[in-house]
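Q:
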Amino acid sequence: MKRTIKPRAVLLWALGVLSIAGLAFAAQTLTRIAPIGTGYAAKILCTGVFVSGRSAGEVIREDIRAGVHPLLHLISPTIDVKARRARATFLGMAAREAWFRPGLGCTLQIGDHDGPVALPDLRPLDKPNPPAPLAKTTDEPNRNTLQAAIDSAFDEPDASRPRRTRAVVVLYDGKVIAERYAPGFSAQTPLIGWSMSKTVVAALVGVLVGQGKLSLDATRLLPEWSANDDPRSRISLDELLRMTSGLQFNEDYDDPLSDVAVMLFAKADQSAFAAGKPLVSTPGARWNYSSGTTEILARVMRRALGGTEQDYLAFPSRALFEPLGMRTAVFEPDASGVLVGASFVCASAIDWARFGQLLLQDGIWEGKRVLPAGWVRYMRTVTTQSPRRDYGAQVWVKVPEPFNSRASPPPALPPDAFHLVGHEGQFVSVVPGRKLVVVRLGLSRPEEAWDHETFLARLIEAIALDASIHPLPAQTQ
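Structure below.
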């Protein structure tokens, strides 16, 4: 007798197959995500403890597990203070370690890199004298309005969207007029700048351009792009700086498998990963925000500078941080020895303010030219391909989404304002016409919780520009 297969049995069989396939896909995806998550946790813990000087428990609680991907709650980070290493595992698997070295900060140790992962300790810099402190004004202003504006940055009006402001510093006419810090943070606490680091890279590229070691129209920037039939050979330094290289790169921070997450937390040689991406548009034709582009620039700097690995690693300090007195600043490299220009410059709020003041002063510090004449103007010039005409060369010329105001109409900012902007609400805003530099560091999750446009407009309104301004005392909550 012929057996009849019942539709219900077929359905159950199909559902079983789909369930197995779904589980297999989920397991495969988890296998890819887990090392990125453990890499993130190890790196953030290492930098938080050994660079910022915070407690491991605080970093784990506030930085690694606060309001981000739920899988991070299944990651177990640990710290070895004696060895100066951080380690993280996911359910006992996918272990990643980050190692601290004096002068270099923390580096993820990733085993898929064929080259050496051990970097030399940075040779101590000559530091005969401490940097001159930023001056503070002495005349009495209207305190209440300015204090209220500063305090507003630390308010938490919505518990479901915490701002987590950690530091605010305001310079007017080169002088500190206000600073405030959250508990556990101080004027000496270096914090990750995330994408504010990109502007530091642009400044360092400017130094090399001024020395004649690079030019904006230079092409064939990397050996793997040098073949005549490789269209990437036509990418210019200017196009890299302006994010118009045409290279494919996915900068989706909500996707744990996006290019930016894979590059920063799963690749030993981050610049090689970015440089290996194919062209998806003609160089110069289309703007695409890409941390990979800045990693390529960091490698281009290395090739242009020449010399030893230690010469390259010391270059940011000798060319920029030391002249400005940025003694807390650290530029962290990846395991291949290339500086992580996309994300990993750490500095205190005061030292970030020093860098902002350098840009306000057209690259001149204490009467000496640090950046070539016209370089800051070049950085601030709008990249016309950017959709909102809001980007220059590794710097924003408008407050970008999601940090812009949701008010209608939005507050009007001076047209000459420009901004260093980093993940989770890091900002250095420079307003040359108002002689103003504003630094805000924090951990805003979601990022929309921080409305920088409104905050900056309120500060500008609070400052009487035609009168002397007395500094507000530094505060810690």
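Residues -26 to -1, 1 to 451 (mature numbering (1 follows the signal peptide of the UniProt record, and there is no 0)) are what the sequence shown spells out, left to right.
Here a beta-carbon is modelled for each residue, glycine too, at the ideal position from N, C-alpha and C.
Where residue 467 and Lys17 are concerned, what is the direct C-alpha to C-alpha distance, given to the nearest angstrom?
A: Here the chain comprises residues numbered -26 to 451, so residue 467 is not present and cannot be evaluated.
Q: By Cβ distance below 7 Å, which residues in the same chain neighbour Gly180 in space, the five residues on each side in sequence not counted?
A: Numbered from 1 along the sequence shown, position 206 holds the residue referred to as residue 180. Counting only Cβ-Cβ distances below 7 Å, and skipping sequence neighbours, we find Leu345, Pro346, Trp349.
Q: Can you look up Gln83 in the DSSP assignment and give me helix, strand or coil?
A: In the sequence shown, the residue the question calls residue 83 occupies position 109. Note: Gln83 maps to strand in three-state DSSP.
Q: Could you tell me the alpha carbon to alpha carbon distance between Arg432 and Arg135, rounded to whole angstroms?
A: Taking the first residue of the sequence shown as 1, we reach residue 432 at position 458. Taking the first residue of the sequence shown as 1, we reach residue 135 at position 161. Cα to Cα, Arg432 sits roughly 21 Å from Arg135.
Q: Measuring CA to CA, which of Val369, Gln185, Gln359, Glu213 is closest to Gly280?
A: By 1-based counting over the sequence shown, the position of residue 280 is 306. Comparing Cα-Cα distances from Gly280 to each of Val369, Gln185, Gln359, Glu213, the minimum goes to Gln185.
Q: Relative to the C-alpha of Arg154, which residue among Phe392, Arg140, Asn118, Ser360 is closest?
A: Along the sequence shown, one-based indexing puts residue 154 at 180. Ranking Phe392, Arg140, Asn118, Ser360 by Cα distance to Arg154 puts Arg140 first.
Q: Report all residues from its chain with a CB closer than 6 Å to the CB of Met353; omit the five preceding and five following residues, and keep chain order.
A: Taking the sequence shown and counting its residues from 1, the one referred to as residue 353 is at position 379. Taking Met353 as the centre and dropping the five residues before and after it, the same chain places the C-beta of Ala176, Gly366, Ala367, Val369 closer than 6 Å to its C-beta, in chain order.
Q: If Val314 sits next to Glu306, beta carbons under 8 Å apart, how far is it from one beta carbon to the other, in whole angstroms?
A: Translated into the one-based positions of the sequence shown, residue 314 becomes position 340. Translated into the one-based positions of the sequence shown, residue 306 becomes position 332. Confirmed, about 6 Å.
Q: Which residues does DSSP list as the beta-bridge partners of Met67?
A: The count along the sequence shown starts at 1 and reaches residue 67 at position 93. Its beta-bridge partners are Phe64.
Q: State the DSSP-derived secondary structure class of Val236, mapped to helix, strand or coil.
A: Along the sequence shown, read from residue 1 onward, the residue named residue 236 stands at position 262. Looking at Val236 - three-state DSSP - the assignment turns out to be helix.
Q: Give the straight-line distance between the Cα atoms of His47 and Gly66, rounded to the nearest whole angstrom.
A: The residue given as residue 47 occupies position 73 in the sequence shown. The residue given as residue 66 occupies position 92 in the sequence shown. Cα to Cα, the separation comes out at about 13 Å.
Q: Is it buried or exposed for Tyr227, if we count other Cβ within 10 angstroms and need 16 for buried?
A: Start at 1 with the first residue of the sequence shown, and residue 227 comes out as number 253. The residue in question, Tyr227, is exposed, as its Cβ has fewer than 16 Cβ neighbours within 10 Å.
Q: Taking only runs of the beta strand (DSSP E) that begin and end inside the region 322 to 400, which ones reach a length of at least 3 residues, in chain order?
A: 392 to 396
Q: For Ile434, which residues from the same chain have a beta carbon less than 8 Å from its beta carbon, with the 5 sequence-adjacent residues on both sides left out?
A: Within the sequence shown, residue 434 is the residue found at index 460, counting from 1. Within the same chain, Ile434 has close Cβ partners Leu387, Pro388, Val405, Arg408, Leu410.
Q: Within 10 Å of its beta-carbon, does residue 497 have 16 or more other beta-carbons around it, so buried, or fewer, so exposed?
A: Residue 497 is absent from the structure shown; the chain starts at -26 and stops at 451.
Q: Cutting at 7 Å between CB atoms, please list the residues of its own chain near Asp364, excluding the five before and the five after it.
A: Taking the first residue of the sequence shown as position 1, residue 364 is located at position 390. Excluding residues within five positions, the ones whose Cβ falls inside 7 Å are Trp370, Val371, Lys372, Pro374.
Q: So, is Lys56 buried or exposed, given that buried needs 16 or more other C-beta atoms within 10 angstroms?
A: Taking the first residue of the sequence shown as position 1, residue 56 is located at position 82. Counting Cβ neighbours within 10 Å, Lys56 comes out exposed, since fewer than 16 surround it.
Q: If I'm right that Arg260 touches Gly220 with Cβ under 8 Å, what's the distance once you round it to whole angstroms?
A: As a position in the sequence shown, residue 260 is number 286, starting the count at 1. As a position in the sequence shown, residue 220 is number 246, starting the count at 1. Yes, they are in contact, since the Cβ atoms of Arg260 and Gly220 sit about 7 Å apart, within 8 Å.
Q: Looking only at C-alpha atoms, which of Asp37, Thr282, Met170, Val150 sits nearest to Ser265?
A: For the purposes of this step, residue 265 is taken as residue 291 along the sequence shown, with counting starting at 1. Among Asp37, Thr282, Met170, Val150, the Cα nearest to that of Ser265 belongs to Met170.
Q: Could you work out which residue in Ala278, Ile151, Thr357 is closest to Val183 when comparing CA atoms only?
A: Indexing the sequence shown from 1 puts residue 183 at position 209. Measuring from the Cα of Val183, the nearest candidate turns out to be Ala278.
Q: What would DSSP say about Ala57, mapped onto helix, strand or coil?
A: Taking the first residue of the sequence shown as position 1, residue 57 is located at position 83. Residue state, collapsed to three classes: coil.
Q: Quick one: Cα of Ser255 to Cα of Pro205, how far?
A: Here residue 255 corresponds to residue number 281 of the sequence shown, with the count starting at 1. Here residue 205 corresponds to residue number 231 of the sequence shown, with the count starting at 1. Going by the C-alpha atoms only, they are around 10 Å apart.
Q: Got a sec? Which residues, its chain only, sit under 8 Å from Ile84 by beta carbon, not counting five neighbours each side?
A: The residue you call residue 84 lines up with position 110 of the sequence shown. These residues qualify, in order along the chain: Gly13, Arg70, Val91, Ala240, Lys241, Ala242, Ala309.
Q: Strictly by DSSP, which residues pair up with Leu415?
A: If you number the sequence shown from 1, residue 415 lands on position 441. Leu415 has Ala141 as its beta-bridge partners, per DSSP.
Q: Roughly how many angstroms lie between the CA atoms of Glu36 and Arg137, to the nearest whole one?
A: Numbered from 1 along the sequence shown, position 62 holds the residue referred to as residue 36. Numbered from 1 along the sequence shown, position 163 holds the residue referred to as residue 137. Spanning the two alpha carbons is a distance of roughly 12 Å.
Q: Would you please state the rounded distance, in angstroms, between the beta carbons of Phe326 and Val402? I believe it to be under 8 Å.
A: For this step, residue 326 is matched to residue 352 along the sequence shown. For this step, residue 402 is matched to residue 428 along the sequence shown. Note that residue 326 is Trp in the sequence shown, not Phe. Confirmed, about 5 Å.
Q: Looking only at its chain, what residues have a beta carbon closer than 8 Å to the beta carbon of Ala122, apart from the 5 residues adjacent to it on each side?
A: If you number the sequence shown from 1, residue 122 lands on position 148. If we look at Ala122 and ignore the five residues flanking it on each side, its Cβ neighbours are Ala436.
Q: Three-state secondary structure (DSSP) at Trp199?
A: As a first step, residue 199 must be located in the sequence shown, where it is residue number 225. Trp199: helix per DSSP, three-state reduction.
Q: Please tell me whether Leu45 and Val33 are closer than 7 Å, where the distance is taken between their beta carbons.
A: As a first step, residue 45 is located in the sequence shown; it is residue number 71 there, counting from the start. As a first step, residue 33 is located in the sequence shown; it is residue number 59 there, counting from the start. Result no, Cβ atoms of Leu45 and Val33 do not sit closer than 7 Å.
Q: Considering only the beta carbon of each residue, do Ser379 and Thr428 sit closer than 7 Å?
A: Locating residue 379 in the sequence shown gives position 405, where the first residue counts as 1. Locating residue 428 in the sequence shown gives position 454, where the first residue counts as 1. In contact: Ser379 and Thr428 (Cβ atoms closer than 7 Å).
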